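Heads up: the sequence shown begins at 8 in our numbering, then just goes up one per residue. Backbone N, C-alpha and C fix where the C-beta goes; we use that ideal spot for every residue, glycine too. A quick note: this is a predicted structure, and the numbers were derived from the prediction, not measured. Since the structure comes first, as structure tokens, the remarks are kept for the end.
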Amino acid sequence: AYSYHVLLFYLNQTATESMFSEAELYENMNRIVKTIDYKPIGYQTSVLTFECQGDAELSANTYTIPRYSFFNAGGIYYSFNSDITFTKTIAGVETLTDLQSKNLLYQGQYREYPIVTAIGEEFETVTLLPGDDVIIDHFSIDVYVKDIDTNKWSKWERTTSLYLEKSVSQKYEVRLNEHKRYELKFGNNNTGRKLSAGDQIAIYYLESNGSQGEIGPNVLDRSRLTKFNAVQFQDIFSEIKDSNIKYITQPQMDNLTFSNSNGSSEYYAGESVTDIRKNAPKLFGTQHRLVTKDDYEAYIKQNYSNIVKDVKVVNNWDYLDGHMKYNLETLNLDKNNSEPRTLLNQVNFADSCDFNNLYCYVIPRIKQTTSSNPRANYLTPSQKSTIMSGLRDRKTLGTEIIIQDPAFLAVDVGTYNPNTETLTKDISDVSYLKIVRSNTSSASFESIKTQVVNIIKTYFNDLELGQAIDVSNIMNLILGIGDIASIVTGRDDTGQETQGLNISVWNPIFPNDDIINTGAGLTIPYYKYPYLYNPAKFVEKVRVVAESSLSDISTSEY
């Protein structure tokens, strides 16, 4: 009877999983989208920006750091995923600007997969089975093939679809299957070159530590860059490397000093069923080309999930009518260098022609909000360069892409009297949020306080670019805790109290030009991103008090 009921349970589960709109199990959703050649995104490891100096002992020259070289920072590995070329121009100590501004480090260490011998069938597929607990970075799987006829190694390149390739193209597809194993598929001599029987396949993948590999600032300081010296790889690399390139030696590597002033990005755990349901139709509509703004947004979100939290794409007209107008009319900027993140952002990434620009506003997955620095949560030049290089091969020919920095908006509780005082951001420093607990409640003050703080932090953490701030929704979430009599926003200095949740919203760089206080909803344009100001100290602003009752009032009997 037990077995019968178990079988019925699985039958009910799988019988309703055949439709794209109804599937809830990852295995079934993965199989469904395979029919439209959609490849779900798997784990994406943390990435790290860095700074680098060349010592005086390193002579002026052009060098190349070989692929897979790595750092061991306190047991956490970070690696380069490709050959990195840089030039040292002077004999003394030099900051290697070009090296640090165009490249990223990827969390993890490259591993060798056992050599696979091809059987020579059409669309031959190799499934990676490194172990149940091994996390492989989705975009860091490299393939080298030793041709049985020439006895020479060659590096094959990854492609989004073999059906887009020529018959002689040395390309392979990578797909995360329904069991969350990576499948590498090769061609058939019509669409992509076919493997010959006896060809040897060497596979290298980046093994990540997942969320345990995320690091903070200055962890990389004084770490030593080390070459990847696996014997098999050195044999392969000696055949495929360009003899005209000067690769840096290990002693020369010791003359490079690396550091990281910023922490790593957040680890991305891969697409869920909900993500696939949302992303698959968008990507199918692009047909691997970037034409509309939806194409760009879908591509950037899917392929750079470990860097990008949210993105909005606008054309030149919307940019001029929105963000540029905001800078000229609201902030009253009259010089380009007044706010270079907006007015000069295209200098390093596009030409001087502005009418064909496409602006991509990106929120990075890394968060840097401190009380000393109003906002430093911008993509670094190296992160922008990485995204730009991925877009160039797919964008329309006449389009110039600019990765734009948004205008951040700090949000905090605050209330004031508009008839007697001027609104400034300092008002929030003396404001608090009072939660009045019902006199029938048995919940502790600390429990209610913790829930309120988590609700507000989660709300702002989940906001997207241009999403309105819905104060009523926040209040409803707080009241949903239960046993809350009322919500009050108050002031310590004046004693003023306002019923409900009141917030102040301001541009932390130009707080006197762009600031508003409201107890209602607030519409946010595409180029602005609201965040909770100083979330680490927000808990100090939430106060939970008991509701006044009749028993608290003194009475006399006549």
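- Ranked by how close their Cα comes to the Cα of I208, the residues I148, Y45, N68 have I148 in first place.
- Annotated as distal: L171 and G194, with beta-carbon spacing of 8 Å or more.
- Residue range 388-399 is occupied by the alpha helix (DSSP H) that includes G397.
- CA-CA distance, M331 to V318, rounds to 18 Å.
- Note that the C-beta distance between V478 and K441 is not below 8 Å.
- Bridge partners of F265 according to DSSP: C59.
- DSSP lists R165 as the beta-bridge partner residues of Y179.
- Closest in C-alpha terms to L232, from the list Q257, K248, S218, comes Q257.
- With a threshold of 16 other beta carbon atoms within 10 Å, S279 falls short and is exposed.
- By the Cβ-count criterion, A417 is buried, with 16 or more other Cβ atoms from all chains shown falling within 10 Å of its own Cβ.
- In this structure, the beta-carbon distance from E554 to A492 falls below 8 Å.
- A Cβ-Cβ contact shorter than 8 Å links T132 with L191.
- DSSP places I283 inside the alpha helix (DSSP H), whose first and last residues are 280-293.
- Per DSSP, reduced to three states, the secondary structure at G329 is helical.
- If you draw a straight line from the Cα of P515 to the Cα of I531, it is about 16 Å long.
- In the structure shown, S66 falls within a coil segment according to DSSP collapsed to helix, strand and coil.
- With at least 16 other beta carbons inside 10 angstroms of its own, A287 counts as buried.
- At a cut-off of 3 residues, the continuous stretches assigned as beta strand (DSSP E) that sit fully inside the segment 114-155 are 116-124, 132-134, 142-153.
- Taking a contact to require three or more Cβ pairs closer than 8 Å, the segment 57-69 and the segment 150-160 do not qualify as touching.
- Inside the segment 437-495, DSSP marks whole beta strand (DSSP E) runs of 3 or more residues at positions 438-444, from first to last along the chain.
- Between the alpha carbons of Q51 and T102 lies a distance of about 30 Å.
- Put simply, the backbone Cα of Y439 is about 14 Å away from that of N524.
- Closest in C-alpha terms to G199, from the list T167, K187, D140, comes T167.
- Residue nearest to S245 within the set R74, I48, A450, L398 is R74 (criterion: CA-CA distance).
- Across the structure, F240 and Y254 are spaced so that their CA atoms are roughly 15 Å apart.
- Beta-bridge partners of E185 (DSSP): none assigned.
- DSSP places Y306 in the uninterrupted alpha helix (DSSP H) bounded by 300-310.
- According to the DSSP assignment, V320 belongs to the beta strand (DSSP E) that extends over 315-322.
- At the C-beta level, Y120 and S86 stay beyond 8 Å of one another.
- The three-state reading of DSSP puts D228 in coil, since its state is none of H, G, I, E or B.
- With respect to the 8 Å criterion, Y366 and V320 are classified as neighbours on the basis of their beta carbons.
- For P542, the closest of W324, R399, Y466, E428 by C-alpha to C-alpha distance is Y466.
- D419 carries a strand assignment under DSSP once its states are collapsed to helix, strand and coil.
- Between L290 and A276, the C-beta spacing is not below 8 Å.
- Secondary structure at S245: helix, using DSSP grouped into helix, strand and coil.
- Taking a cut-off of 8 Å on C-beta distances, the segment 36-49 touches the segment 180-191, as three or more cross pairs fall below it.
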